[in-house]
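Peer 1: This structure is in structure tokens; I'll ask about it shortly.
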Ligand SMILES: [Zn+2]
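Residue numbers (our numbering): 30 to 354.
What follows is the structure in structure tokens.
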């Protein structure tokens, strides 16, 4: 797995739960569906195993199991030859009293003891639980390509088509347009545009991942814009671009220093539009607001951000205060 992908997965595995009590079940259900296996050990008795290459994910599952079902489990580490020095972690949940109820509730088995392929609607009734389900899906079967590469790509791997359909539907309820594909015996659900990927990452609490992605998006956007401007010798546009570049730098620093959330909602909104549209002039930026605001209001907000930054970051405020357009 790529480095960026691992970083995002580790960040998510450490993330706090900020949803409702059912969110834990939704997340567990997704993990069990995607990397769990049911073993029949007797009449109406079964154990469950979960495999993962990430110790962080396995530790998270142990915590989730304990807090929601008081189920006991045990971690084993295996060396996997084909992956070189990699380890594989095996989590065994032996047959025990509460396991049957858990297996039904998490939609792994139907009450008739048949394997449930799809996603049980009961688990994902609330938006917070939908996001938690996707978090589990990413932890168990998700990966994301390094945003420095030419194309953006985030995928979830499902073992059957019904589950993949369910993931696509779930994502559509959260305004994410996912595509589906097939690779050998695997069913893929994937996102290709950076905006959806950033949204997906923030839904699953991968905030550092979002910041990294945004940074690279800005740099790529600027590079494209600079290329476009080469043939268009407008000094004014270049000035706009370099001012915007300084503003973008400043906003990114506020994010890095965890100061961004201290800006008012209006300022955050304007700042995030500037991040997404580093090439836009003040007038264009004003029109991008929903509802649109005036050019002087945008200028005012950018100055406010500058003053705020000046207060908290060394000599960083200059960039925005000098804005005279
Ligand atoms: Zn919830």
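By construction, the Cβ of each residue, glycine as well, lies at the ideal position given by its N, Cα and C atoms. Just so it is clear, the structure is predicted and the values come from calculations on it, not from any experiment.
Among the residues of its own chain, which have a CB less than 6 angstroms from the CB of residue 58, if the five just before and after it don't count?
Peer 2: Within the same chain, residue 58 has close Cβ partners 135, 136, 152.
Peer 1: Which residues bound the alpha helix (DSSP H) around residue 132?
Peer 2: 128 to 134 is the span of the alpha helix (DSSP H), which, as asked, contains residue 132.
Peer 1: Please indicate yes or no: does the CB of residue 155 lie closer than 7 angstroms to some heavy atom of ligand 1?
Peer 2: Yes - ligand 1 has a heavy atom lying nearer than 7 angstroms to the Cβ of residue 155.
Peer 1: Could you check if residue 52 belongs to the surroundings of ligand 1, using beta carbon to heavy atom distance under 7 angstroms?
Peer 2: Residue 52: yes, Cβ under 7 angstroms from ligand 1.
Peer 1: In this structure, does DSSP put residue 198 in helix, strand or coil?
Peer 2: The answer is helix: DSSP assigns residue 198 an H, G or I state.
Peer 1: Give every residue of the same chain whose Cβ lies closer than 6 angstroms to the Cβ of residue 158, excluding the five residues on either side of it in the sequence, and list them in chain order.
Peer 2: For residue 158, where only same-chain residues beyond five positions count, the Cβ hits under 6 angstroms are 51, 52, 55.
Peer 1: Determine the DSSP secondary structure at residue 140, reduced to helix, strand or coil.
Peer 2: Coil.
Peer 1: Across the segment 170 to 186 and the segment 69 to 79, are there enough close Cβ pairs to call them in contact, namely three or more that are closer than 8 angstroms?
Peer 2: Short answer: they don't touch.
Peer 1: Using only the alpha-carbon positions, how far apart do residue 280 and residue 297 sit?
Peer 2: Rounded to whole angstroms, residue 280 to residue 297 spans 9 angstroms at the Cα level.
Peer 1: Out of curiosity, what's the CA-to-CA distance linking residue 243 and residue 304?
Peer 2: Near 8 angstroms, if we compare the C-alpha coordinates of residue 304 and residue 243.
Peer 1: Using 10 angstroms around the beta-carbon of residue 234, count the other beta-carbons present and answer buried if the total reaches 16, otherwise exposed.
Peer 2: Buried, since its Cβ has 16 or more Cβ neighbours within 10 Å.
Peer 1: What does DSSP give as the partner residues of residue 90 in its beta bridges?
Peer 2: BP columns for residue 90 are empty, so no partner.
Peer 1: Taking just the CA atoms, how far does residue 187 sit from residue 214?
Peer 2: Each residue's Cα considered, the two are about 9 angstroms apart.
Peer 1: Identify which residue in 65, 285, 247 has its Cα closest to the Cα of residue 273.
Peer 2: Closest by alpha carbon: 247.
Peer 1: To which residues does DSSP link residue 105 through a beta bridge?
Peer 2: Residue 105 pairs with 119.
Peer 1: Got a sec? Which residues, its chain only, sit under 6 angstroms from residue 200 by beta carbon, not counting five neighbours each side?
Peer 2: Correct list, in chain order: 207.
Peer 1: Taking the alpha carbon of residue 292 as the point to measure from, which residue in 333, 285, 277, 309 has its own alpha carbon closest?
Peer 2: Answer by Cα proximity: 333.
Peer 1: Return helix, strand or coil for residue 81, following the three-state DSSP convention.
Peer 2: Reduced to three states, the DSSP call for residue 81 is strand.
Peer 1: Start and end of the beta strand (DSSP E) containing residue 66?
Peer 2: Start and end: 65 to 71.
Peer 1: Assign residue 353 to buried or exposed, taking buried as 16 or more other Cβ atoms, counted over all protein chains shown, within 10 Å of its Cβ.
Peer 2: The pLDDT assigned to residue 353 is 42, lower than 50, so where the model puts this residue is not dependable, and the model offers no usable value.
Peer 1: Quick one: is residue 349 buried, meaning 16 or more other Cβ sit within 10 Å of its Cβ, or exposed?
Peer 2: Unreliable placement is indicated for residue 349, whose pLDDT of 48 sits below 50; the coordinate value is still reported in the next sentence. Per the 10 Å Cβ criterion, buried.
Peer 1: If we call anything under 8 angstroms between Cβ atoms a contact, is residue 127 one with residue 100?
Peer 2: The answer is yes: Cβ separation under 8 angstroms.
Peer 1: Quick one, which of 329, 227, 232 has its alpha-carbon nearest residue 245's?
Peer 2: Answer by Cα proximity: 227.
Peer 1: What is the rounded straight-line gap between the Cα of residue 139 and the Cα of residue 123?
Peer 2: Their Cα atoms are separated by approximately 20 angstroms.
Peer 1: Return the chain-ordered list of same chain residues with a C-beta closer than 8 angstroms to the C-beta of residue 69, the five sequence neighbours on each side being excluded.
Peer 2: Excluding sequence neighbours, residue 69 sits near 75.
Peer 1: May I ask you to report which of helix, strand or coil DSSP gives residue 221?
Peer 2: Coil.
Peer 1: Go ahead and pull the three-state DSSP assignment for residue 209.
Peer 2: Strand.
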